[in-house]
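One structure is given below, encoded as structure tokens.
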Amino acid sequence: MNRIFAIAHNTFREAVRNKILYSLLFFAVVLIVSALALGELTLGEQVRLTRDLGLYGIDIFGVLIAIFLGVNLLYKELSLKTIYTILPKPLYRFEFVAGKWIGMLVTLAIQFAVMGAVLYFALFLQDADFELQTAKALFLLYLNVMVITSIALVFSSFSSPFLSGIFALGVFVVGRSISDLQMIGNRAGGMTKSLIQASTYVIPNLNVFFPSGTIVGAERVTVNGQFVNSAYLVDATIYGVGYSLIALFVAIVIFNRRDFV
Amino acid sequence: MSSDVVLSAEQLKKTFRIGFLRKRVEAVKDVSFRVHRGEIFGFLGPNGAGKTTTMKMLMGLIYPTSGRGEVLGRKVGDVDAKRRMGYLPETPYFYEYLSVEEFLDFAGSLSGVKGPERRKRRDALISRVGLDHARGRPLRKYSKGMLQRAGIAQSLMGDPELVVLDEPMTGLDPIGRKEIRDLMLELRREGRTVFFSTHILHDVELTCDRVAIVVAGRLRSEGTLGQLLSARLLSTSVVLIPGPEGLPDLPAGTIRMENGGQLELQIPATVDVNQFLGAALSRQCSVVSVVPRRESLEDVFVREAQAPVATASEVKT
Numbered sequence: 010m011n012r013i014f015a016i017a018h019n020t021f022r023e024a025v026r027n028k029i030l031y032s033l034l035f036f037a038v039v040l041i042v043s044a045l046a047l048g049e050l051t052l053g054e055q056v057r058l059t060r061d062l063g064l065y066g067i068d069i070f071g072v073l074i075a076i077f078l079g080v081n082l083l084y085k086e087l088s089l090k091t092i093y094t095i096l097p098k099p100l101y102r103f104e105f106v107a108g109k110w111i112g113m114l115v116t117l118a119i120q121f122a123v124m125g126a127v128l129y130f131a132l133f134l135q136d137a138d139f140e141l142q143t144a145k146a147l148f149l150l151y152l153n154v155m156v157i158t159s160i161a162l163v164f165s166s167f168s169s170p171f172l173s174g175i176f177a178l179g180v181f182v183v184g185r186s187i188s189d190l191q192m193i194g195n196r197a198g199g200m201t202k203s204l205i206q207a208s209t210y211v212i213p214n215l216n217v218f219f220p221s222g223t224i225v226g227a228e229r230v231t232v233n234g235q236f237v238n239s240a241y242l243v244d245a246t247i248y249g250v251g252y253s254l255i256a257l258f259v260a261i262v263i264f265n266r267r268d269f270v
Numbered sequence: 379m380s381s382d383v384v385l386s387a388e389q390l391k392k393t394f395r396i397g398f399l400r401k402r403v404e405a406v407k408d409v410s411f412r413v414h415r416g417e418i419f420g421f422l423g424p425n426g427a428g429k430t431t432t433m434k435m436l437m438g439l440i441y442p443t444s445g446r447g448e449v450l451g452r453k454v455g456d457v458d459a460k461r462r463m464g465y466l467p468e469t470p471y472f473y474e475y476l477s478v479e480e481f482l483d484f485a486g487s488l489s490g491v492k493g494p495e496r497r498k499r500r501d502a503l504i505s506r507v508g509l510d511h512a513r514g515r516p517l518r519k520y521s522k523g524m525l526q527r528a529g530i531a532q533s534l535m536g537d538p539e540l541v542v543l544d545e546p547m548t549g550l551d552p553i554g555r556k557e558i559r560d561l562m563l564e565l566r567r568e569g570r571t572v573f574f575s576t577h578i579l580h581d582v583e584l585t586c587d588r589v590a591i592v593v594a595g596r597l598r599s600e601g602t603l604g605q606l607l608s609a610r611l612l613s614t615s616v617v618l619i620p621g622p623e624g625l626p627d628l629p630a631g632t633i634r635m636e637n638g639g640q641l642e643l644q645i646p647a648t649v650d651v652n653q654f655l656g657a658a659l660s661r662q663c664s665v666v667s668v669v670p671r672r673e674s675l676e677d678v679f680v681r682e683a684q685a686p687v688a689t690a691s692e693v694k695t
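As you go down the protein sequences, you meet chains V and C in turn. Quick note, the first sequence lines up with residues 10 to 270 if you use my numbering. Quick note, the second sequence lines up with residues 379 to 695 if you use my numbering.
Pasting the structure below:
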């Protein structure tokens with residue numbers, strides 16, 4: 010466990026010293042603050058607009074950061090050849106991948122905490138009452154990036170960052186459109202329906218982590234009103250963590266079989 | 379495997395498949411050798427001979443196509459064996475955002491060295507490799523020689539019994555090379571075993587107890603320098619200044635080179651040099667030096683590199 014922790018710590022340290030991540034975080038904060046400015050232009054809807062735009066910003070930049078981190082995570086170790094020094098140390102290959110994964114999730118969690126704090130501060134400036142919906146939405150968005158970054162990790166274990174990035178972005182777009190795709194499949198029927206059905210077993214349904222505006226149970230949920238309950242959060246956590254662990258397992262299997270020439 | 383053997387390769391073979399057409403490339407065809415406890419073992423070969431691939435197979439970075447390797451009596455990749463071993467990869471690539479202090483701390487924690495002991499060992503190693511003045515500087519600002527020293531320090535963080543160094547002298551200036559040679563001799567004095575690859579023969583002659591020569595993916599020779607180098611005289615180099623009566627007749631096969639007022643003669647081993655020197659002195663020639671030339675490691679190396687491919691049973695020891 011100490012070895013996994015050492016790898017995780019080093020991964021986190023690397024991210025903290027990476028200037029690109031700071032610039033992504035900076036843009037996210039700018040977006041949240043600009044939501045604050047836009048909110049001023051709308052009468053009576055300032056809080057709602059700030060919250061919506063802020064969460065959209067965190068969603069988009071969170072996914073970009075997750076893909077950037079995920080696709081580079083293993084590839085950088087290979088391209089910079091640092092792996093030659095680390096793997097002959099007394100650790101198993103799975104410990105290395107797991108440590109990198111944990112370090113990346115901790116980095117993302119801190120990024121989300123910073124972005125969330127900025128959003129809450131923006132809401133506070135508009136005299137919004139403190140509520141937990143925003144925190145729940147942030148938590149679901151974090152689960153979303155956990156899944157995306159784990160998928161990026163799988164691609165990164167055998168492909169270049171550019172291709173891995175495209176694949177991961179593709180999975181994100183399809184994962185967010187899965188309900189629409191299922192609808193199209195049901196209308197088309199036949200082979201198209203079977204293909205879409207099969208793909209839903211592999212590609213995660215990312216709508217789970219973005220429930221605002223959808224019907225959950227019998228009610229329409231929104232982050233500005235009636236939002237999801239704890240049972241939903243537990244189910245979403247099981248789904249997100251489960252999917253991410255499976256992706257981690259696949260990445261470990263691929264990584265275990267590789268020659269580091 | 380005898381407990382005296384700390385590293386062994388048994389008929390290691392590695393075939394890569396490269397490119398779209400999955401073309402087969404045999405990087406290592408047949409390599410077997412044994413490294414004994416407490417010795418400095420040199421793994422020699424020209425560029426592209428398969429040295430690094432063989433070392434990576436023994437370090438668990440590349441899976442062999444066939445054959446097997448053992449490290450400290452355990453199968454390659456065994457974590458307990460890795461704990462007792464240190465490795466420096468060819469040309470050092472480290473986390474450039476870390477300082478040498480952080481890097482050694484990281485290496486120590488991976489090797490299972492606990493807090494206070496880790497700090498003690500880290501500080502001692504930084505001093506030992508002469509990086510005290512740059513201990514807080516990020517590795518990206520290090521020169522090649524400094525990186526090599528940081529690399530050696532990280533390989534020693536686990537207090538290893540076996541130290542494996544891949545081309546540790548490459549790219550270093552003469553002083554840097556001497557420091558690494560001295561360090562290897564020091565490690566042997568401490569009872570550690572050193573296994574290193576190189577193609578710099580001078581370093582091998584000055585440090586190694588035993589060597590193995592690999593050429594085109596096959597082991598060609600293995601043994602002590604004494605076993606590999608023949609004591610046979612190859613030629614005698616005579617440097618003289620011709621007298622007023624000129625030179626005596628030169629023996630057949632002599633190679634003659636003029637250097638200022640001096641003549642250097644390479645006289646074949648079959649010639650009686652004493653007789654020639656007597657004739658030269660009687661003509662009032664002035665003899666500057668007489669040096670017998672025996673087989674050097676370079677001769678063996680070149681001979682093995684140019685010899686036709688041998689089978690495993692023909693490996694010389």
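For each residue, glycine too, the CB sits at the ideal point set by N, CA and C.
query: Terminal residues of the continuous beta strand (DSSP E) containing Ile418 (chain C)?; result: 418 to 422
query: For Thr393 (chain C), which beta-bridge partners are listed by DSSP?; result: C:Glu404
query: Would DSSP call His697 (chain C) helix, strand or coil?; result: Absent from the structure is residue 697 (chain C), since the part of chain C shown begins at 379 and ends at 695.
query: Buried or exposed for Asp244 (chain V), going by 16 or more other Cβ atoms inside 10 Å?; result: exposed
query: Which same chain residues, not among the five before or five after Ser691 (chain C), have their C-beta less than 8 Å away from its C-beta?; result: The pLDDT assigned to Ser691 (chain C) is 47, lower than 50, so where the model puts this residue is not dependable; a value taken from the coordinates is nonetheless given after this. Contacts found: none.
query: Are the CB atoms of Lys453 (chain C) and Phe269 (chain V) within a distance shorter than 8 Å?; result: no
query: Go ahead and pull the three-state DSSP assignment for Val649 (chain C).; result: coil
query: Do you know how far the Cα of Asp551 (chain C) is from the Cα of Thr689 (chain C)?; result: Reliability of the predicted coordinates at Thr689 (chain C) is poor, the pLDDT of 49 falling under 50, and no value is obtained from them.
query: Which word fits Tyr252 (chain V), buried or exposed, when buried means at least 16 other C-beta atoms lie within 10 angstroms of its C-beta?; result: buried
query: Entirely within the stretch 191 to 241 of chain V and at least 4 residues each: give me those alpha helix (DSSP H) ranges in chain order.; result: 199 to 211
query: Report the rounded CA-to-CA distance for Arg681 (chain C) versus Gln605 (chain C), giving the unit in angstroms.; result: 15 Å
query: Using the rule of at least 16 other Cβ atoms within 10 Å of the residue's Cβ for burial, across every protein chain shown, is Pro467 (chain C) buried or exposed?; result: buried
query: Between Ile41 (chain V) and the rest of its own chain, which residues show a CB-CB distance below 6 Å, the 5 nearest in sequence each way excluded?; result: Gly63, Gly66, Val127, Leu128, Ala131
query: Out of V:Phe148, V:Gln206, V:Leu162, which has the shortest C-alpha to C-alpha gap to Phe219 (chain V)?; result: V:Phe148
query: Please report the distance separating the alpha-carbon of Gly222 (chain V) from that of Thr231 (chain V).; result: 5 Å
query: Which whole-angstrom value describes the C-beta separation of Val180 (chain V) and Ile160 (chain V), a residue pair presumed to lie in contact below a C-beta threshold of 8 Å?; result: 5 Å
query: Run through DSSP, which three-state label would Gln662 (chain C) get?; result: coil
query: Give me the DSSP bridge partner(s) of Tyr465 (chain C).; result: C:Val542
query: Comparing the C-beta of Val457 (chain C) with each C-beta of chain V, is any distance below 8 Å?; result: yes
query: Please name the residue in V:Val217, V:Gln142, V:Leu190 whose C-alpha comes closest to that of Gln206 (chain V).; result: V:Leu190
query: On the premise that Leu34 (chain V) lies in contact with Val123 (chain V), defined as a C-beta separation below 8 Å, what is that separation, rounded to the nearest angstrom?; result: 6 Å
query: Check whether the stretch 575 to 594 of chain C touches the stretch 666 to 683 of chain C, counting contact only when three or more Cβ pairs, one atom from each stretch, lie closer than 8 Å.; result: yes
query: Let me check understanding here. Comparing Cα to Cα, which of C:Tyr473, C:Asp458, C:Glu600, C:Val541 lies closest to Asn490 (chain C)?; result: Asn is not the amino acid found at residue 490 (chain C); the sequence shown has Gly there. Out of C:Tyr473, C:Asp458, C:Glu600, C:Val541, C:Asp458 has the C-alpha closest to the C-alpha of Gly490 (chain C).
query: Based on DSSP bridge pairs, tell me the residues matched to Ser165 (chain V).; result: DSSP lists no partner for Ser165 (chain V).
query: Any beta-carbon of chain V closer than 8 Å to the one on Phe484 (chain C)?; result: yes
query: Where does Val678 (chain C) land, buried or exposed, given buried means 16+ other C-beta within 10 angstroms?; result: buried
query: In chain order, which continuous runs of the alpha helix (DSSP H) of length 4 or greater are located wholly inside the stretch 601 to 646 of chain C?; result: 603 to 606
query: Where Gly125 (chain V) and His414 (chain C) are concerned, what is the direct C-alpha to C-alpha distance, given to the nearest angstrom?; result: 60 Å
query: Quick one, which of V:Phe176, V:Ala144, V:Leu215, V:Arg196 has its alpha-carbon nearest Val237 (chain V)'s?; result: V:Ala144
query: Under a three-way DSSP split, which group does Pro97 (chain V) fall into?; result: coil
query: Going by the CB atoms, is the gap between Lys391 (chain C) and Gly445 (chain C) shorter than 8 Å?; result: yes
query: Are there 16 or more other CB atoms within 10 angstroms of the CB of Met463 (chain C), so buried, or fewer, so exposed?; result: buried
query: Alpha carbon to alpha carbon, how far is Met10 (chain V) from Ala177 (chain V)? Give it in angstroms, no decimals.; result: 29 Å
query: Going by C-alpha distance, which of V:Ile95, V:Thr201, V:Ser166 is nearest Arg266 (chain V)?; result: V:Ser166
query: Hey, would you say Phe21 (chain V) sits closer than 8 Å to Val115 (chain V), going by beta carbons?; result: yes
query: I'd like to know if Ser487 (chain C) contacts chain V, where contact means its C-beta is closer than 8 Å to some C-beta of that chain.; result: yes
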